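Okay, structure first, notes after.
Numbering (my numbering), first residue to last: 16 to 205.
The structure is reproduced here in structure tokens:
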């Protein structure tokens, strides 16, 4: 069975989406670098471009995500809202097993400041048992809404590895000043 990976971008703000100088979400930050690293290691790696990412709508994200074959050999990586999306999708699909899962600064909008229905779901504390390993990547200087999301996930979900980084911000190129993310690749390949 072939090895696959799906890397899900976050939800940029309106200005980022419509600024022609800013790369599209699936081609920004460390996502293209990670995709290339996985491809050279024999993975069929995808970075879907979700329509209107600044206005997260779960059925749209789900439709785009489910265009791909998802099975026990599929690596899943999500950044910010993409990480929150993966948490919900995995909780909503209790009969699906996947490969490794990496949640980078996952956002589930605990305080519902930006979404209404997108994160209305039951947080299944056992979803990592249906993966080949789940890790949450967090930075000590990320924003309040990310820390609130991370706290909710870590206090509810079992069997999840926690990896904290110093001064990585929201894991964006502007925060880290690099597109490379070797720590993430190391987890996925371990």
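Beta carbons: idealized from backbone N, C-alpha and C, even for Gly.
For clarity, every value in this text was computed on a predicted model and none was experimentally measured.
Check: Near residue 152, which residues of its chain fall below 6 Å by C-beta distance, leaving aside the five closest residues on each side in sequence?; Outcome: 119, 178
Check: Express the C-alpha separation of residue 49 and residue 187 in angstroms, rounding to a whole number.; Outcome: 13 Å
Check: Do residue 99 and residue 121 have their beta-carbon atoms positioned less than 9 Å apart in this structure?; Outcome: yes
Check: Less than 9 Å separating the beta-carbons of residue 95 and residue 54?; Outcome: no
Check: Which two residues bound the contiguous beta strand (DSSP E) that contains residue 23?; Outcome: 19-23
Check: What do you reckon, are the CB atoms on residue 85 and residue 203 nearer than 9 Å?; Outcome: no
Check: Do you know whose CA, among 83, 117, 39, 191, lies nearest residue 200's CA?; Outcome: 117
Check: Give me the residue from 52, 36, 39 with the minimum Cα distance to residue 19.; Outcome: 52
Check: Name the DSSP bridge partner or partners of residue 235?; Outcome: With the chain running from 16 to 205 in the structure shown, residue 235 is simply not present.
Check: For residue 118, which of helix, strand or coil comes out of DSSP?; Outcome: strand
Check: Taking only the alpha-carbon atoms, compute the straight-line gap between residue 114 and residue 88 and give it to the nearest angstrom.; Outcome: 5 Å
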